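In full-length UniProt numbering, the protein residues as written are 1 to 203.
1. Which residues does DSSP pair with residue 144 in a beta bridge?
2. When you compare each of 160, 153, 119 and 156 to residue 143 by their alpha carbons, which one comes out closest?
3. Skipping 5 residues on each side, what residues in its chain have a beta carbon closer than 8 Å to that of residue 126?
4. How about residue 106 and residue 157: do their beta carbons lie closer than 9 Å?
5. When DSSP labels each residue in this structure, what does residue 106 get in the three-state scheme?
6. Going straight from the alpha carbon of residue 103 to that of residue 139, what length do you get?
7. Which value, in whole angstroms, describes the spacing of the CA atoms of residue 72 and residue 130?
8. Taking 9 Å as the threshold (C-beta atoms), are residue 121 and residue 86 in contact?
9. In angstroms, rounded to a whole number, what distance separates the CA positions of residue 68 and residue 79?
10. Alpha helix (DSSP H) containing residue 76: first to last residue?
11. Hey, out of 168, 128, 179 and 181, whose CA is closest to residue 90's CA?
12. Taking residue 154 as the reference, which of 186, 84 and 137 has the closest Cα?
13. By how many angstroms is the C-alpha of residue 54 removed from the C-alpha of residue 74?
14. Would a C-beta distance cut-off of 9 Å place residue 133 and residue 51 closer than the cut-off?
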């Protein structure tokens, strides 16, 4: 049986989402994921049909709800650490400048107060909606901009955080330096053996 997504319109609220009164459990979720990585949509860029809309999938929510359905208030706050809210439509206009398949979006429905760990930004149809994708299952769904508070990673923290390439280069440099140190140690030991007359040259 196919699931239908019912979109409820509501005016944008200016309330602070971090202090909103959340219930300890949530219902009617699509799926749960909290995985973030640099994601390359090569198939989609070539015009392929890599992704499947969650409406067209055979997804069925677990009987007792997903992980995000059962998150506590403290767990939700932890998920939002390092994120900044986009409350107004003016705030959400920044979405048009964010890179697709590189930007993770979390959100809270203002009417139901449901928190969603979200997905990677796939498409922006400002000011109406955005499309997100679950990179582990390649499922897509839409999120209305009018009645959801969105959360994106704080750009200031992103700039401070080294990229994966920078980390790899740093580790590579450390390995090279370590190898050089090991070579120097071996040379010193060989030279010491030579001075002690314990090292003989083979003819």
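We put the beta carbon where it would ideally sit given N, CA and C, even for glycine. Because the structure is a prediction, the values reported are computed rather than measured.
Answer, in terms of the structure:
1. Per the DSSP secondary-structure output, residue 144 pairs in a beta bridge with 129.
2. Among 160, 153, 119 and 156, the Cα nearest to that of residue 143 is on 119.
3. Excluding sequence positions up to five before and after residue 126, its CB lies within less than 8 Å of the CB of 92, 93, 95, 96 and 145, all in the same chain and listed in chain order.
4. It is not a contact, given that the beta carbons lie outside the stated cut-off.
5. It is a strand residue.
6. Taking the CA atoms as reference points, residue 103 sits about 16 Å from residue 139.
7. Near 26 Å, if we compare the C-alpha coordinates of residue 130 and residue 72.
8. No, these two residues do not count as a Cβ contact at 9 Å.
9. One C-alpha to the other measures close to 10 Å.
10. Bounds of the alpha helix (DSSP H) holding residue 76 are 73-79.
11. Minimum Cα distance to residue 90 is reached at 128.
12. Among 186, 84 and 137, the Cα nearest to that of residue 154 is on 84.
13. Each residue's alpha carbon lies about 29 Å from the other.
14. Result yes, Cβ atoms of residue 133 and residue 51 sit closer than 9 Å.
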